[in-house]
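The number in this note's numbering is simply the position in the sequence shown, starting from 1, with 1 added.
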Amino acid sequence: MLNALLSTTLLLGLIPGADAPTKEQIGTWIQELAGEQDAQHANLLSKAWPGARPAVIAALARHAQPAVRSWCARIVGDHAGEIEQRALARSATRDGLPRVRAVALLQLSKRPDGIYVEALRGLLEWESDRGNLLTLLGLVERTGDEDLAAPLLTAIASRFDAELTRAGYASLRKLTRLSLPDEPRAWRAVLEARAEERLERQEREREESEEGSGGGSARD
Numbered sequence: 002m003l004n005a006l007l008s009t010t011l012l013l014g015l016i017p018g019a020d021a022p023t024k025e026q027i028g029t030w031i032q033e034l035a036g037e038q039d040a041q042h043a044n045l046l047s048k049a050w051p052g053a054r055p056a057v058i059a060a061l062a063r064h065a066q067p068a069v070r071s072w073c074a075r076i077v078g079d080h081a082g083e084i085e086q087r088a089l090a091r092s093a094t095r096d097g098l099p100r101v102r103a104v105a106l107l108q109l110s111k112r113p114d115g116i117y118v119e120a121l122r123g124l125l126e127w128e129s130d131r132g133n134l135l136t137l138l139g140l141v142e143r144t145g146d147e148d149l150a151a152p153l154l155t156a157i158a159s160r161f162d163a164e165l166t167r168a169g170y171a172s173l174r175k176l177t178r179l180s181l182p183d184e185p186r187a188w189r190a191v192l193e194a195r196a197e198e199r200l201e202r203q204e205r206e207r208e209e210s211e212e213g214s215g216g217g218s219a220r221d
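In structure tokens, the structure reads:
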């Protein structure tokens, strides 16, 4: 028992000079994510990063057991690199089981960057699980990104679910901060006009910035 404890301590990196775990050991830990000591093995894999990254990301994408894929999503979410974010985005939008997609999405939401917004846009189009959709509405709302308003409207308009529709329109109002008409069918025109206004404003600001830069060069 003492030897086993010492071995685990070494692998966790708590003792200086410990050897990195082998590929075989990492593979064993991944398999054990479906066992009774799943949390312990998840901790070992996270401590072994980035050496464990290729195997964990491969298991997240392809492992046959949903429990293993869910744990892999949690482990990947502990780390902040672009490779990890893209792996979570793929899992959130492509995994065949709603609960695995949900875990990946929530892990991805810890770092709301461009990859995260991309994944939200894809999920608005493709997500089919009702519970995941309700979670998704809240996450979209929290981004404050008005560019997600049109995909959000399309998503809720295409699903005939009263609760989901109410929640979606509430999220849309908070996202856009607009006094939208009571009739949902009129919302698209309002949102499209708002998007056009934003584009025109951005174009004006760009032109003014370029003119200002040119004027500064002329004075120099």
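Backbone N, C-alpha and C fix where the C-beta goes; we use that ideal spot for every residue, glycine too.
Quick check on residue i: does DSSP put it in helix, strand or coil?
i	result
glutamine 108	helix
glutamine 86	helix
leucine 181	coil
histidine 80	coil
glycine 139	helix
alanine 59	helix
glycine 97	coil
alanine 190	helix
valine 118	helix
alanine 53	coil
arginine 199	helix
glutamine 66	coil
alanine 21	coil
glutamate 37	coil
glycine 145	coil
proline 113	coil
Within its chain, find whatever has a CB closer than 8 angstroms to the CB of residue i; leave out the 5 residues flanking it on each side and keep chain order.
i	result
proline 182	Trp188, Val191
glutamate 206	none
leucine 153	Leu125, Leu138, Val141, Gly169, Ser172, Leu173, Leu176
Grab me the residues of residue i's own chain with a C-beta within less than 7 angstroms of its C-beta, minus the 5 sequence neighbours each way, in chain order.
i	result
threonine 94	Ala120, Gly123, Leu124, Trp127
alanine 43	Leu34, Trp72, Arg75, Ile76
glutamate 85	Val77
alanine 103	Asn133, Thr136
Rounded C-beta distance between residue i and residue j? I'm assuming under 8 angstroms.
i	j	result
leucine 98	alanine 74	Contact flag wrong, Cβ pair sits at about 11 angstroms.
glycine 145	leucine 173	The Cβ separation is near 13 angstroms, so there is no contact.
isoleucine 31	valine 69	6 angstroms
leucine 46	alanine 40	Incorrect: roughly 11 angstroms between the Cβ atoms, too far for contact.
lysine 24	alanine 56	7 angstroms
How would you label residue i, buried or exposed, when you count the other beta carbons within 10 angstroms and need 16 or more for buried?
i	result
glycine 115	exposed
aspartate 96	buried
alanine 81	exposed
glutamate 208	exposed
glutamate 245	Nothing about residue 245 can be reported from this structure: the residues present for the chain run from 2 to 221 only.
proline 51	exposed
leucine 149	buried
Between which residues of its own chain and residue i is the CB-CB distance below 6 angstroms, once the five residues before and five after are set aside?
i	result
leucine 138	Ala168, Gly169, Ser172
leucine 140	Ser110
leucine 107	none
glutamine 66	Ala35
isoleucine 58	Ala88
Could you check whether the Cβ of residue i sits closer than 7 angstroms to any heavy atom belonging to the ligand NAD?
i	result
aspartate 79	The model on display carries no ligand, and the ligand NAD is accordingly not part of it.
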